[in-house]
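Numbered per the working numbering, the sequence shown spans residues 10 to 167.
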Amino acid sequence: MKDNTMALTMEQNTYISERLEHQISWYDTKSMDNQRAYHRCQIVELCSAVSIPFITGLWGSVVAGQVIIGILGVLIAVCAGLSNLKKYQQNWLNYRTSCEMLRRERFLYLTACAPYHEADKFNLLVTRVEDILAKEHGEWRVNVQPRQTTHGETGQPG
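Rendered as structure tokens:
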């Protein structure tokens, strides 16, 4: 009978290139995407909000001015809603934090600085990197689960 218990191991270079570098790249890209989306929403909100009093003063009694004011109000609401729903700022900061923590671990490992100056440094790297990723995934799960009300019900309609 064939023994199906095989010790699976991953080489250091494979782990670093396929796991660590991939995760750093993913968090870096997602952080920048969320930062751009957050800034776009904020700029549209700000420009729309400061334009409303100006347009009201100039063309508030004209139908076209009223339409423009209404459109700007809708833009403000849509951008605020999207920013709140998609959590652009929170995601930007969380992803950037995870990216920088992973980069720090990589540099400490590659330069053999503490805590990576011991013989078992690769196992320590894997453990620390996976802990960072697990923490980020745990935070993500908490943020996407429905909020609980004071009566223990979800905040979702029945």
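Virtual Cβ for every residue (Gly too), placed ideally from N, Cα, C. Computed from a prediction, not measured in an experiment: that's the story for all the values here.
Contact set for residue i: own chain, Cβ-Cβ below 6 Å, skip 5 residues either direction
{"i": "Trp101", "result": "Ser40, Asn43, Gln44 and Tyr47"}
{"i": "Gly167", "result": "For Gly167, the predicted model reports a pLDDT of 41, less than 50, meaning its position is unreliable and no value from the coordinates is stated."}
{"i": "Ser92", "result": "Cys50"}
{"i": "Pro62", "result": "none"}
{"i": "Met10", "result": "For Met10, the pLDDT reaches just 49, beneath the cut-off of 50, and the residue's location in the model is therefore unreliable, leaving the point undetermined."}
Of the residues the options, the one placed nearest residue i, counting alpha carbons only
{"i": "Glu148", "options": "Lys96, Thr23, Leu67 and Tyr24", "result": "Lys96"}
{"i": "Gly82", "options": "Asn93, Val53, Leu67 and Asp129", "result": "Val53"}
{"i": "Phe116", "options": "Gly74, Asp37 and Leu29", "result": "Leu29"}
{"i": "Asn152", "options": "Glu139, Leu94 and Leu84", "result": "Leu94"}
{"i": "Gln51", "options": "Glu20, Leu142, His126 and Ala86", "result": "Ala86"}
{"i": "Asn22", "options": "Ala89, Tyr118 and Cys122", "result": "Tyr118"}
{"i": "Asn103", "options": "Thr18, Leu17, Arg150 and Phe63", "result": "Arg150"}
Proximal residues to residue i (C-beta, below 8 Å), its chain only, five neighbours per side dropped
{"i": "Arg112", "result": "Ile33"}
{"i": "Val138", "result": "Arg28, Leu29, Gln32, Leu111 and Glu114"}
Own chain partners of residue i with C-beta closer than 7 Å, once the 5 adjacent residues on each side are dropped
{"i": "Lys144", "result": "none"}
{"i": "His126", "result": "none"}
Nearest-angstrom beta carbon gap, residue j and residue i [assumed within contact, 8 Å]
{"i": "Ile80", "j": "Thr65", "result": "With a Cβ gap of about 13 Å, Ile80 and Thr65 do not count as contacting."}
{"i": "Leu84", "j": "Gly74", "result": "With 8 Å as the limit, Leu84 and Gly74 do not qualify as a contact, their Cβ atoms being about 16 Å apart."}
{"i": "Ser107", "j": "Tyr36", "result": "5 Å"}
Exercise. Between the stretch 122-135 and the stretch 55-64, do at least 3 Cβ pairs fall closer than 8 Å?
Worked result: no
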